[in-house]
Amino acid sequence: MKPLNLELDGPKYLEQAASQPGKAEAPAPVAGPFRYLGQKIPRVDGRLIVTGKAPYTHDLHFEGMLWGKILRSPHAAAEVVNLDFSSALSLPGVLAAVKLTSGRIRYVGEPVAAVAAINEALAEEALKRIKVEYKVLPFVVSVEKAMEKEAPQVFDGPNIQKLFEYTRGNIKEGEAQADVIIERTYRTSIEVHHPAETHASIAHWKDGRLTVWDSTQAIFSVRDQLARTLQIPASQIRVIKKYMGGGFGSKLGLNDHTVAAALLAKETGKPVKIVLTRRENAYCMGNRPSTMITIRGGAKKDGTLTFLHMKNYTGGGIGRGDRCSEPLIDIYRCPHVLVEEYSVFTNTCASRPTRAPGHVQGTFALEGFLEELAAELNLDPLELRRKNHSEKNLGDTGLPYSFKGLLECYRLGAEAIGWVRRNQVPGQGKGKVRRGLGMATQIWWGAGTPGTLADLKIYPDGGVEAICGTQDIGTGTRTYIATVIAETLGLEPKDITLRIGDTDFPWAPSSGGSQTAPSVGPAFRDAALKAVDRLKAIASKKLNCPPENIEVQQRKFYEKNKPDNAVSFNEITRELRRVTVFHGERSDFPAGYAFNSFGAHFAEVEVDTETGRVKVIKVVAAHDVGRVLNRLTAESQVIGGITQGLSASLFEERLMDETEGKCITTNLHDYKIATLSDLPEIIPLFVDSPDPLINNLGVKGLGEPPRIPIAAAIANAVFNAIGLHPRVIPMTPPRILSLWKEKEGKK
Ligand code: MOS
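With my numbering as the guide, the letters of the sequence shown map in order to residues 840 to 1586.
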């Protein structure tokens, strides 16, 4: 653990570090003032991006470049008996074809082969000329059908496989202690990532070294996996990603089309570009797996949880799906817990991590269950959560959290939404359109990755260059790097030259798991602290005062309390005499703590009982992500997470044709995504207290947290409005109407 810097972190920060970690009461936000940190700093690359000048992978063009296209299986299960490229290769302008399949096909869209041609149209034409002989096999694409005994086996062996289990205490004991026990089942559908920028790769071999421009969240993983696949040293591969139009988890590993581009480039000796279509993104590049989660649990009259038993069947196609039990195991104090999770294989493309994998589905179930339990107990749902608040992980049986600002999130959120306005009895309102309020809790990781490296180069002419391999997924990485360095060195963000997104630069983890800011931020902070120490040593001689009395601001180093005794930043860097590199590293975690982010969403909805339409009116999102590095980009991250989550909660559902085994929602008309008119007023709030133990900036990640609780908050608000709990995502009008009709029928 690196020592904290008083100048930057302020005295309050040190008080917090000394205080009991995991204290229930959130401390006041750290004292500033900071020029840049935590302020609303516009993105340093904002103009470039909005004017269309930022080069995305599909924008790149190289001399002599060829187009590659992938031939995909039209069958959900088959053997490739024969593959004939001769007609395709006889077409002038078609330069190469490669086989991608091992022979056994398990989903529609599985890559079979790839071609390279001098233009896109020719490549398309070549695909049509590839002759494939398939032996078609039986398949199953629905999770329910795949669970049946006589269903076709996707792999050799049962379609249902144990994924995860966990036990704490003994649920029988918990049952005996409970005054109220309920059991509910929640289902979530398959959601597709659909990043604005579709997948794309360009590969080029030169002098024996392979360079790949790839739309990826993980340049270093792509490099290393590509090295293993092609059986060449990783040092012979360079992967580059400069600007990115989102990934949401779909771009975390090596893809077949990237391998195809590399193989075709090798064979032709030319750069080969493969850009996937929106359609390919929709049906064969992964998705958020479906879940069917049953929770049985009980509580005492006062709301104290006595046990929770969760069973999940997750459908991730030919992949393992998501483990969804972590929120249930972790967030609330509960002595007796049993979890059983199963994967159900189907003949559909493998699921992939999708913005807060497992936590999105698990939170929808857990937080919906708590809402229904609160109603049974006749308790305020927020009070039920406060009652079971825990200070240690694993439901108060594990390690203390380094910092947990959840109670403060509850306080901020409840006040901002006007929690007192909720229906005391769910569904008590009258009329065609009913209003309701609901809330839900969030937990996530996002502590960052120790060992992340960052270099800061300082030039004798005063230039400052920040170099790190990290790729900006589109969230504003460049801006906080510039901000952290500027704050530490007394410069402005625009003074920093940024070089990122290249495996030839120092190592950084993938941009996933909300880990980029708490990995890269602290690494640059470390480098900048080392740099400022060196520069202060130089200034000390010039100012004739000890280095610890020197302050840094506005391109000046000056004596504390004697600001006239000053020397400019450039006068000091001149003394370096050569370009000097300061190496920064994200430090290790202190032992004995759990590191998590927390949050709570509060939603207000209107439910039209005639049409079944759910309209979200307002969302208040309160998050504890440690120190907020940039309030502007942090707020956009929250607004984006809620927008995406609202969209998945109300509209998004990948549908399959069960007789053909094909995806039928392959465009953005059939697969509806929320548009501006669907969006509510969104109010992002932050606890904004630096985590005293997590890293030298006190920052936790914010990529995934705002995506996690929104679905449950909306469902719980619908329950509060109409007294009927929507237990299926998406909460489409037909599903809400059928709930309503069921109730009317019972009257
Ligand atoms: Mo995220 S699912 O780690 O991009």
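Glycine is no exception: its CB is placed at the ideal position from the N, C-alpha and C atoms.
Here the structure is a predicted model, which means the values were calculated and not measured.
Legend entry - Cβ pair count under 8 Å reaching 3, the stretch 1374 to 1383 against the stretch 1408 to 1425: yes
Inset, instruction - Thinking C1163 and N1227 are a contact (beta carbons under 8 Å), I'd like their distance in whole angstroms, please. - result: Counted from its first residue, the sequence shown places residue 1163 at position 324. Counted from its first residue, the sequence shown places residue 1227 at position 388. The Cβ separation is near 19 Å, so there is no contact.
Inset, instruction - Report buried or exposed for A865, applying the criterion of at least 16 other Cβ atoms within 10 angstroms of its Cβ. - result: Reading the sequence shown from its first residue, position 26 is the one you call residue 865. Caution applies to A865, whose pLDDT of 31 falls short of 50 and renders its modelled position unreliable; the value that the coordinates give is listed next. A865 is buried by the Cβ-count criterion.
Legend entry - Coarse secondary structure for C1502, derived from DSSP in three states: For this step, residue 1502 is matched to residue 663 along the sequence shown. Looking at C1502 - three-state DSSP - the assignment turns out to be strand.
Legend entry - Distance between V1078 and D1063 (C-alpha atoms, nearest Å): Counted from its first residue, the sequence shown places residue 1063 at position 224. Counted from its first residue, the sequence shown places residue 1078 at position 239. Looking at the two C-alpha atoms, the distance is approximately 10 Å.
Legend entry - Alpha-carbon to alpha-carbon, L1069 and R1595: Residue numbering for the chain in the displayed model covers 840 to 1586; residue 1595 lies beyond these limits and cannot be assessed.
Inset, instruction - In the DSSP assignment, find the unbroken alpha helix (DSSP H) run with Q1200 in it and report its ends. - result: Here residue 1200 refers to the residue found at position 361 of the sequence shown. Unbroken alpha helix (DSSP H) run through Q1200: 1198 to 1216.
Legend entry - L1091 Cβ short of 7 Å to the ligand MOS heavy atom set: Position 252 of the sequence shown, counted from the first residue, corresponds to residue 1091. Answer for L1091: yes, Cβ within range of the ligand MOS.
Inset, instruction - Assign A1101 to one of two classes, buried (16 or more other C-beta atoms within 10 Å of its C-beta) or exposed (fewer than that). - result: The residue you call residue 1101 lines up with position 262 of the sequence shown. Result: buried.
Legend entry - 8 Å Cβ cutoff met for A1560 and F1441: Start at 1 with the first residue of the sequence shown, and residue 1560 comes out as number 721. Start at 1 with the first residue of the sequence shown, and residue 1441 comes out as number 602. Contact: no.
Legend entry - Burial state of R1493, where buried means 16 or more other Cβ atoms lie within 10 Å: Your numbering for residue 1493 matches position 654 in the sequence shown. Buried: at least 16 other Cβ atoms inside 10 Å.
Inset, instruction - State the Cα-Cα distance for the pair R1023 and T1130, rounded to the nearest angstrom. - result: Along the sequence shown, one-based indexing puts residue 1023 at 184. Along the sequence shown, one-based indexing puts residue 1130 at 291. Spanning the two alpha carbons is a distance of roughly 14 Å.
Inset, instruction - Return yes when at least one heavy atom of the ligand MOS lies under 7 Å from the C-beta of F1087, else no. - result: As a first step, residue 1087 is located in the sequence shown; it is residue number 248 there, counting from the start. The answer is yes for F1087.
Inset, instruction - Have a look at G1438, G1423, I1568 and flag the residue whose alpha-carbon is nearest the alpha-carbon of L1485. - result: Here residue 1485 refers to the residue found at position 646 when the sequence shown is read from its first residue. Minimum Cα distance to L1485 is reached at I1568.
Legend entry - Minimum length 3: unbroken beta strand (DSSP E) runs contained in the stretch 1037 to 1114: 1039 to 1045, 1048 to 1053, 1076 to 1079, 1111 to 1114
Inset, instruction - Taking N1404 as part of the beta strand (DSSP E), name the residues at either end of that continuous run. - result: Position 565 of the sequence shown holds residue 1404. First-last of the beta strand (DSSP E) with N1404: 1401 to 1407.
Inset, instruction - Taking only the alpha-carbon atoms, compute the straight-line gap between G1562 and R1127 and give it to the nearest angstrom. - result: Locating residue 1562 in the sequence shown gives position 723, where the first residue counts as 1. Locating residue 1127 in the sequence shown gives position 288, where the first residue counts as 1. Roughly 29 Å between the two C-alpha positions.
Legend entry - Alpha carbon of T1193 to alpha carbon of T1153, nearest angstrom: Numbered from its first residue, the sequence shown carries residue 1193 at position 354. Numbered from its first residue, the sequence shown carries residue 1153 at position 314. Between T1193 and T1153, the C-alpha separation is close to 14 Å.
Inset, instruction - Quick one: grab the DSSP three-state call for G1158. - result: Position 319 of the sequence shown, counting from 1, holds the residue named residue 1158. Note: G1158 maps to strand in three-state DSSP.
Legend entry - Nearest candidate by alpha-carbon position, reference G932, set E963, K1381, E902, K1231: Your numbering for residue 932 matches position 93 in the sequence shown. Among E963, K1381, E902, K1231, the Cα nearest to that of G932 is on E963.
Inset, instruction - Using the Cα positions of G1234 and G1351, report the straight-line distance between them to the nearest angstrom. - result: For the purposes of this step, residue 1234 is taken as residue 395 along the sequence shown, with counting starting at 1. For the purposes of this step, residue 1351 is taken as residue 512 along the sequence shown, with counting starting at 1. Straight-line Cα distance between these residues: approximately 26 Å.
Legend entry - P1402 classed as buried or exposed, judged by whether at least 16 other C-beta atoms fall within 10 angstroms: Position 563 of the sequence shown, counted from the start, is the residue given in the question as residue 1402. By the 10 Å Cβ count, P1402 comes out exposed.
Legend entry - Burial state of T954, where buried means 16 or more other Cβ atoms lie within 10 Å: The residue labelled residue 954 in the question sits at position 115 within the sequence shown. One detail in the question is off: residue 954 reads as Val in this sequence, not Thr. Under this definition V954 is a buried residue.
Legend entry - Separation of Q1354 from K1580, as counted between CA atoms: What you label residue 1580 is simply residue 741 of the sequence shown in a count that begins at 1. What you label residue 1354 is simply residue 515 of the sequence shown in a count that begins at 1. So the alpha carbons of these two residues sit roughly 45 Å apart.
Inset, instruction - Take the Cβ of N1469 as the centre, count every other Cβ of all protein chains shown within 10 Å, and call the residue buried at 16 or more, exposed below. - result: On the sequence shown, position 630 is the one that residue 1469 refers to. Buried: at least 16 other Cβ atoms inside 10 Å.
Inset, instruction - Run the proximity test for T1193: is its beta-carbon closer than 7 Å to any non-hydrogen atom belonging to the ligand MOS? - result: By 1-based counting over the sequence shown, the position of residue 1193 is 354. Yes, since a heavy atom of the ligand MOS falls inside the 7 Å radius drawn around the Cβ of T1193.
Inset, instruction - Run through the stretch 979 to 1005 for me and flag every whole alpha helix (DSSP H) of 4 or more residues, listed as ranges in chain order. - result: 982 to 985
Legend entry - Residue closest to D1482, alpha-carbon to alpha-carbon, out of P1429, Q1393, I1521, A1066: As a first step, residue 1482 must be located in the sequence shown, where it is residue number 643. Note on identity: in this sequence residue 1482 is Thr, with Asp being the wrong assignment. Answer by Cα proximity: I1521.
Inset, instruction - Count the other C-beta atoms from every protein chain shown that fall within 10 angstroms of the C-beta of P1166, then say buried if there are 16 or more, exposed otherwise. - result: Indexing the sequence shown from 1 puts residue 1166 at position 327. Result: buried.
Legend entry - CA-to-CA distance, K1001 to G861, given in whole angstroms: Taking the sequence shown and counting its residues from 1, the one referred to as residue 861 is at position 22. Taking the sequence shown and counting its residues from 1, the one referred to as residue 1001 is at position 162. Note that G861 has pLDDT 36, beneath the 50 cutoff, so the model's placement of it is unreliable and no number is given.
Inset, instruction - Specify the secondary structure class of G1252 as computed by DSSP and reduced to three states. - result: The residue you call residue 1252 lines up with position 413 of the sequence shown. Helix at G1252.
Legend entry - 8 Å Cβ cutoff met for E1206 and A1279: As a first step, residue 1206 must be located in the sequence shown, where it is residue number 367. As a first step, residue 1279 must be located in the sequence shown, where it is residue number 440. It is a contact, given that the beta carbons lie within the stated cut-off.
Legend entry - C-beta contact flag for V951 and V920 at 8 Å: Taking the sequence shown and counting its residues from 1, the one referred to as residue 951 is at position 112. Taking the sequence shown and counting its residues from 1, the one referred to as residue 920 is at position 81. For V951 and V920, no; Cβs fall outside 8 Å.
Legend entry - the stretch 968 to 980 / the stretch 1085 to 1098 touching (three or more Cβ pairs under 8 Å): no
Legend entry - C-alpha distance - N1217 paired with K1269, whole-angstrom precision: On the sequence shown, residue 1217 is found 378 positions in, with the first residue counted as 1. On the sequence shown, residue 1269 is found 430 positions in, with the first residue counted as 1. Whole-angstrom Cα-Cα distance: 20 Å.
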